[in-house]
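Participant: Residues in the sequence shown are numbered consecutively from 0, following numbering that gives the first Met the number 0. Ideal Cβ positions, reconstructed from N, Cα and C, are used throughout, including at glycine. Sharing a structure here in structure tokens format.
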Amino acid sequence: METTYDVIVVGKGNAALCAALAARDAGAARIVILEAAPEDASGGNSRFAGGVMRFAFDSVEDLKQVTELTEKEIEESDFGTNTTDEFFDDLFRLTQYRTDPDLSEILVRRSLETMVWLRGKGVRFVPNFGRQSALVEGKRKFFGRLPIEVSGGGAGLVAFLDAAAAKAGIEVRYETRAVSLLYDGERVQGVRAQQKGKAIELRAASVVLAAGGFEANPEMRTRYLGPGWELAKVRGSRFNQGEGLEMALDIGAAPYGNWSGCHATGWDRNAPEFGDVNVGDKFQKHSYIFGLLINAEGKRFVDEGLDFHSFTYAKYGGEVLKQTGQFAWQVFDSKVLKLLRSEYRIKFVTKVTANTIEELATRLEGVNPDAFIRTVKDYNAAVRADVKFEHTVKDGKCTDGIEPPKSNWAQALDAPPYEAYQTTCGITFTFGGLRTVPDAGQVVDVNLNPIPGLYCAGEMVGGIFYFNYPSGTGLVSGTVFGRIAGASAGRAAVELAQKA
Numbered sequence: 000m001e002t003t004y005d006v007i008v009v010g011k012g013n014a015a016l017c018a019a020l021a022a023r024d025a026g027a028a029r030i031v032i033l034e035a036a037p038e039d040a041s042g043g044n045s046r047f048a049g050g051v052m053r054f055a056f057d058s059v060e061d062l063k064q065v066t067e068l069t070e071k072e073i074e075e076s077d078f079g080t081n082t083t084d085e086f087f088d089d090l091f092r093l094t095q096y097r098t099d100p101d102l103s104e105i106l107v108r109r110s111l112e113t114m115v116w117l118r119g120k121g122v123r124f125v126p127n128f129g130r131q132s133a134l135v136e137g138k139r140k141f142f143g144r145l146p147i148e149v150s151g152g153g154a155g156l157v158a159f160l161d162a163a164a165a166k167a168g169i170e171v172r173y174e175t176r177a178v179s180l181l182y183d184g185e186r187v188q189g190v191r192a193q194q195k196g197k198a199i200e201l202r203a204a205s206v207v208l209a210a211g212g213f214e215a216n217p218e219m220r221t222r223y224l225g226p227g228w229e230l231a232k233v234r235g236s237r238f239n240q241g242e243g244l245e246m247a248l249d250i251g252a253a254p255y256g257n258w259s260g261c262h263a264t265g266w267d268r269n270a271p272e273f274g275d276v277n278v279g280d281k282f283q284k285h286s287y288i289f290g291l292l293i294n295a296e297g298k299r300f301v302d303e304g305l306d307f308h309s310f311t312y313a314k315y316g317g318e319v320l321k322q323t324g325q326f327a328w329q330v331f332d333s334k335v336l337k338l339l340r341s342e343y344r345i346k347f348v349t350k351v352t353a354n355t356i357e358e359l360a361t362r363l364e365g366v367n368p369d370a371f372i373r374t375v376k377d378y379n380a381a382v383r384a385d386v387k388f389e390h391t392v393k394d395g396k397c398t399d400g401i402e403p404p405k406s407n408w409a410q411a412l413d414a415p416p417y418e419a420y421q422t423t424c425g426i427t428f429t430f431g432g433l434r435t436v437p438d439a440g441q442v443v444d445v446n447l448n449p450i451p452g453l454y455c456a457g458e459m460v461g462g463i464f465y466f467n468y469p470s471g472t473g474l475v476s477g478t479v480f481g482r483i484a485g486a487s488a489g490r491a492a493v494e495l496a497q498k499a
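Below is the structure:
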């Protein structure tokens, strides 16, 4: 089996596959992808993603570059916009203006062209009818600036890219975990790996690290995110153990970004330790904006209606983890049950129902029942009755005089039957990563000098996300920077071969 390549890509999620395809486009002939997982569990965290894509677009004409839209769909839909200014505003606001200006500039301004590139590689996109839209006065209205998703979600994206990689003749080695870089002090020359229990060395002109963060490693979570994070569930791949980051740091690569931060959401409390490829992202529970989040003390602890879930879900998982017992119940009444997303109706769900608040209080396992009843009473009394409820916009229907407030979608909890869902924290990915040359994807050392032969993409790129995260940005970021890193790695390999 060949052991010398032009480009080695470590990982096989969205960013890694895009890097390999971009390296091929740049002229690299011999490319290999190293995937720690067996084939049936491969695809990294991308396999577990919902598949929504946040990219800049001004009009339906831009969307038509990405997906097929019928005249009827265009006529009957309000797709909204996500202009570059709107995209920048959301990213800046949610990261508290800490996002790297050069990386964010590239991410936003290249997002549309990257979606078109993905389509050219065979990825199929469809309107996001199911999760981010609703009928309003007979017209389909999209909200959260997310009108497009991948057909088949994250698993579909991986399948499309797998097919493109196979068509391009890119080799994949499964059950092959990279453990260290071959580095002579001047240039990265390949990787050491464990392939099905055997030690191997693979050499290449360029190495692209796209192996995800350390979200599946409880020791690293505790070390970097803090005590208690070892208790979080892992939403995605169990194979993202942080070795890609460690092998780069071991040769002097510069760490960058929010190493104590992560993307973490509400996740079914009794979900398995790691993601289940057969369930995908369905253990998530994102309709909390229409109900109440209740902790063990029977109290609310966040503003459930601060914004659309797209802009709060990635940080509220961490707030749940801080609560006694690391859980919270999401409580709804019959007025909003029809608005709950599809993940509330799966077979594997921790759910209780009741016909009165008093009865519900006795069924919320681990919750102080008397305090919960008082919380509901105080909340109901604080709801503004003079403001109309409208679930497709931030409606301003809020509470007065209670802490925390509920800023939007506040309705009295008074219409039985009631439903409640028990959640915990599910970590998706970590924000800390490596510092790179933004427009080349090349990793730099602690002296900020580029490391010859080393590139990175995906979750391993530090400096983009801080504190929070706008939904749908991760897959697009992985593609944008995967494409950049792969193209740079491919060009460097070709140039090196020409000099030899």
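Would you identify the three-state DSSP class for asparagine 379, choosing helix, strand or coil?
Facilitator: Helix at asparagine 379.
Participant: When you compare only the Cα positions, how much space is there between valine 157 and glycine 168?
Facilitator: Each residue's Cα considered, the two are about 16 Å apart.
Participant: Could you spell out the range, first to last residue, of the beta strand (DSSP E) harbouring alanine 204?
Facilitator: Per DSSP, alanine 204 belongs to the beta strand (DSSP E) from 197-208.
Participant: Note down, one range per segment and in chain order, each alpha helix (DSSP H) of at least 4 residues found wholly within the region 237-285.
Facilitator: Those alpha helix (DSSP H) runs which fall completely within the region 237-285 and span 4+ residues are 242-249.
Participant: Grab me the residues of isoleucine 105's own chain with a C-beta within less than 7 Å of its C-beta, minus the 5 sequence neighbours each way, in chain order.
Facilitator: Hits under 7 Å: Pro437, Asp438, Val479.
Participant: Given a threshold of 16 other Cβ atoms within 10 Å of its Cβ, counted over all protein chains shown, does glutamate 326 qualify as buried or as exposed?
Facilitator: Sequence inspection shows phenylalanine at residue 326; the glutamate mentioned does not correspond to that position. Burial call: buried.
Participant: Between the beta-carbon of valine 9 and the beta-carbon of alanine 198, is there less than 7 Å?
Facilitator: No.
Participant: Checking 7 Å against the spacing of the C-beta atoms, do alanine 14 and glycine 457 come in under that value?
Facilitator: Cβ atoms of alanine 14 and glycine 457: closer than 7 Å.
Participant: Should the region 405-425 be regarded as contacting the region 328-337, the criterion being three or more beta carbon pairs within less than 8 Å?
Facilitator: Yes, since at least three Cβ pairs between the region 405-425 and the region 328-337 fall closer than 8 Å, the two stretches touch.
Participant: Between the beta-carbon of glycine 274 and the beta-carbon of asparagine 239, is there less than 7 Å?
Facilitator: No, Cβ-Cβ distance for glycine 274 and asparagine 239 is not below 7 Å.
Participant: Taking the straight line between their C-alpha atoms, what separation do you get for glycine 489 and alanine 27?
Facilitator: The alpha-carbon atoms of glycine 489 and alanine 27 are separated by roughly 5 Å.
Participant: Out of Tyr96, Ala164, Thr82, point me to the one whose CA is closest to proline 146's CA.
Facilitator: Ranking the options by Cα distance to proline 146, first place goes to Thr82.
Participant: What residue does the beta strand (DSSP E) around threonine 3 start on, and which one ends it?
Facilitator: Run containing threonine 3: 3-9, per the beta strand (DSSP E) assignment.
Participant: Look at the alpha carbon of lysine 298 and the alpha carbon of glycine 395, and state the distance between them as a whole number of angstroms.
Facilitator: Straight-line Cα distance between these residues: approximately 22 Å.
Participant: Do the CB positions of threonine 352 and glutamate 418 come within less than 7 Å of each other?
Facilitator: Yes. Within cutoff.
Participant: I'd like to confirm the pairing. Which residues does DSSP put opposite tyrosine 500 in its beta bridges?
Facilitator: Since the displayed the chain opens at 0 and closes at 499, residue 500 lies outside it and no answer follows.
Participant: Considering just the uninterrupted stretch of the beta strand (DSSP E) at arginine 123, what are its terminal residues?
Facilitator: It is not in any beta strand (DSSP E) - arginine 123 carries neither H nor E in the DSSP assignment.
Participant: Consult DSSP for arginine 97 and reduce its assignment to one of helix, strand or coil.
Facilitator: If DSSP states are grouped into helix, strand and coil, arginine 97 belongs with coil.
Participant: Mapping DSSP to helix, strand and coil, what is aspartate 161?
Facilitator: Aspartate 161 falls in the helix class under three-state DSSP.
Participant: Nearest by alpha-carbon distance to arginine 118: which of Asp377, Gly477, Glu67 is it?
Facilitator: For arginine 118, the nearest C-alpha among the options comes from Glu67.
Participant: I need the boundaries of the beta strand (DSSP E) containing tyrosine 420, first residue and last residue.
Facilitator: Element bounds for tyrosine 420: 417-429.
Participant: Does the region 212-222 come close enough to the region 28-41 that 3 or more CB-CB pairs lie under 8 Å?
Facilitator: Because the criterion of three Cβ pairs below 8 Å is not met, the region 28-41 and the region 212-222 do not touch.
Participant: Could you compute how far the alpha carbon of aspartate 267 sits from the alpha carbon of tyrosine 420?
Facilitator: Each residue's Cα considered, the two are about 8 Å apart.
Participant: With 16 other CB atoms within 10 Å as the buried threshold, where does aspartate 323 fall?
Facilitator: Reading off the sequence shown, one finds threonine at residue 323, where the question assumed aspartate. When all chains shown are included, threonine 323 counts as exposed.
Participant: Tell me the rounded alpha-carbon separation between tryptophan 116 and valine 122.
Facilitator: Computed Cα separation, rounded: 9 Å.
Participant: In whole angstroms, give me the CA-to-CA distance for phenylalanine 300 and arginine 130.
Facilitator: Looking at the two C-alpha atoms, the distance is approximately 26 Å.
Participant: Between the beta-carbon of serine 236 and the beta-carbon of asparagine 44, is there less than 7 Å?
Facilitator: Contact: yes.
Participant: Based on DSSP bridge pairs, tell me the residues matched to phenylalanine 141.
Facilitator: The partner list for phenylalanine 141 (beta bridge, DSSP) reads Ser132.
Participant: At 4 residues or longer, what runs of the alpha helix (DSSP H) sit wholly inside the region 285-328?
Facilitator: Correct list: 312-320.
Participant: Would you mind reading off the limits of the alpha helix (DSSP H) that contains alanine 409?
Facilitator: Where alanine 409 is concerned, there is no enclosing alpha helix (DSSP H), given that its DSSP letter is neither H nor E.
Participant: With a Cβ-Cβ cutoff of 7 Å, do proline 451 and arginine 186 count as a contact?
Facilitator: Contact: yes.
Participant: In whole angstroms, give me the CA-to-CA distance for tyrosine 343 and tyrosine 255.
Facilitator: If you take the alpha carbons of tyrosine 343 and tyrosine 255, they lie about 37 Å apart.
Participant: Given this structure, state the Cα-to-Cα distance separating histidine 285 from tyrosine 315, to the nearest angstrom.
Facilitator: If I take the Cα positions, the gap works out to 10 Å.
Participant: Write down every uninterrupted run of the alpha helix (DSSP H) in the region 1-71 whose length is 4 residues or greater and which is fully enclosed by it, in chain order.
Facilitator: Within the region 1-71, the complete alpha helix (DSSP H) runs of at least 4 residues are 13-24, 59-62.
Participant: Quick check on the burial criterion: 16 or more other C-beta atoms within 10 angstroms. Buried or exposed for proline 500?
Facilitator: Only positions 0 to 499 of the chain appear in this structure, which leaves residue 500 out of reach.
Participant: To which residues does DSSP link glutamine 193 through a beta bridge?
Facilitator: Answer is Arg176, Ala198, bridged to glutamine 193.
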